[in-house]
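A short worksheet on the structure shown next.
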Amino acid sequence: MVQLYLNFANRSLLDNLLAPQRKPEEENDENHRNREEEVRIFVKQLLTALQYMHHRNIAHLDLRPEVVLLQDDHLKLADFGQSRHLLCGRAHGEIQGSPEFVAPEVALGKAVNLAADMWSSGVLSYVLLTGLSPFLGDNDKETLSNVVAGHANFNVPEFNGISPEGKDFLGKLLIVEPGKRMSVDQALEHDWLNDPKLADAKLSIDCLREFKYKHKWLVSIVTFFYYLSAYLPFYLPAS
């Protein structure tokens, strides 16, 4: 028989569990640059795939790590169950994307356009650059509330060493008002991605696999602590 005693479970513990396990001397400018370079390749290929759809007035509407695949060193998008061929530039009706990645207008049940995909691309880029999920809450309701509020935190330590262009790129996608976000064409022309070296760059399967694994682990840890706090009594054994 096993008896569980839990005398603490709080946000600081969660932050410690999720913190990158690197020695201070390993977290230098070169490491940041290398990681950011990999992210730029990923995002460039993601947006190139999205551009093909958007030029045909098709919105994916369910961008998340699980729909990103790699074939012959190039990124592919999958799972088009929520996709819409937009009529008059807008889609109506219920859309059920992943709460963590949906745009505010999707969370509110409003009509959506291609800009919804650009928000989701911004969330994916944020996760890739920092290892953090900007709007992830303890449950779907809290996550959607965070999405609607739209307050992404750019002042966390994980942004140390990230280029100003990278931060600016995120800031121009994670905008609550759809009409103010960059379009896919504008995003691909942004200084952060407008680099000839990225045109023929190849994405590593290890990079993509690591990203998916870390994100899945992050969500699992948050979910674990939510259910722990909701269903288990927090007490110290009597002395």
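Numbered per UniProt numbering, the sequence shown spans residues 1 to 239. Note that beta-carbon positions come from the ideal geometry of N, C-alpha and C, so glycine has one too.
If we ignore side chains and look at the alpha-carbon of each, how far apart do residue i and residue j end up?
i, j, result
"P99", "P65", "13 Å"
"N139", "H85", "31 Å"
"A78", "D195", "26 Å"
"P178", "G161", "29 Å"
"S121", "L61", "10 Å"
"E142", "L136", "8 Å"
"L50", "D168", "20 Å"
"V123", "L47", "13 Å"
"D185", "M53", "12 Å"
"K110", "M182", "19 Å"
"L144", "L114", "20 Å"
To the nearest whole angstrom, what separates the beta carbons of residue i and residue j, a pair I think is in contact under 8 Å?
i, j, result
"M118", "L173", "5 Å"
"A59", "A107", "No, A59 and A107 are not in contact; Cβ-Cβ is about 15 Å, not under 8 Å."
"T130", "V156", "7 Å"
Go ahead and label residue i buried or exposed: buried means 16 or more other beta carbons lie within 10 angstroms of its beta carbon, across all protein chains shown.
i, result
"H55", "exposed"
"E105", "buried"
"V112", "buried"
"Q96", "exposed"
"Q45", "buried"
"L87", "exposed"
"L69", "exposed"
Between residue i and the rest of its own chain, which residues show a CB-CB distance below 6 Å, the 5 nearest in sequence each way excluded?
i, result
"E37", "none"
"G81", "none"
"A152", "P134 and L174"
"V43", "S125"
"G150", "P104 and V176"
State yes or no: is the C-beta of residue i nearer than 7 Å to some heavy atom of the ligand FAD?
i, result
"N146", "Within the structure as shown, the ligand FAD is missing, as the structure has no ligands at all."
What residues in its chain sit with their C-beta under 8 Å from that of residue i, if we drop five residues either side in the sequence?
i, result
"Y126", "L132, S133, P134, A152, L170 and L174"
Check for me: the beta strand (DSSP E) holding residue i runs from which residue to which?
i, result
"residue 240", "The structure shown has nothing for residue 240, since the chain only spans 1 to 239."
Just reading off the alpha helix (DSSP H) that residue i is part of, what are its end residues?
i, result
"P157", "Premise fails: P157 is in no alpha helix (DSSP H) and is neither H nor E."
"L124", "A115 to T130"
"F169", "P164 to G171"
"S145", "D140 to A149"
"P104", "P104 to A107"
Going by beta carbon distance, what residues of the same chain come within less than 7 Å of residue i, once the five residues before and after it are set aside?
i, result
"G166", "E36, L129 and W192"
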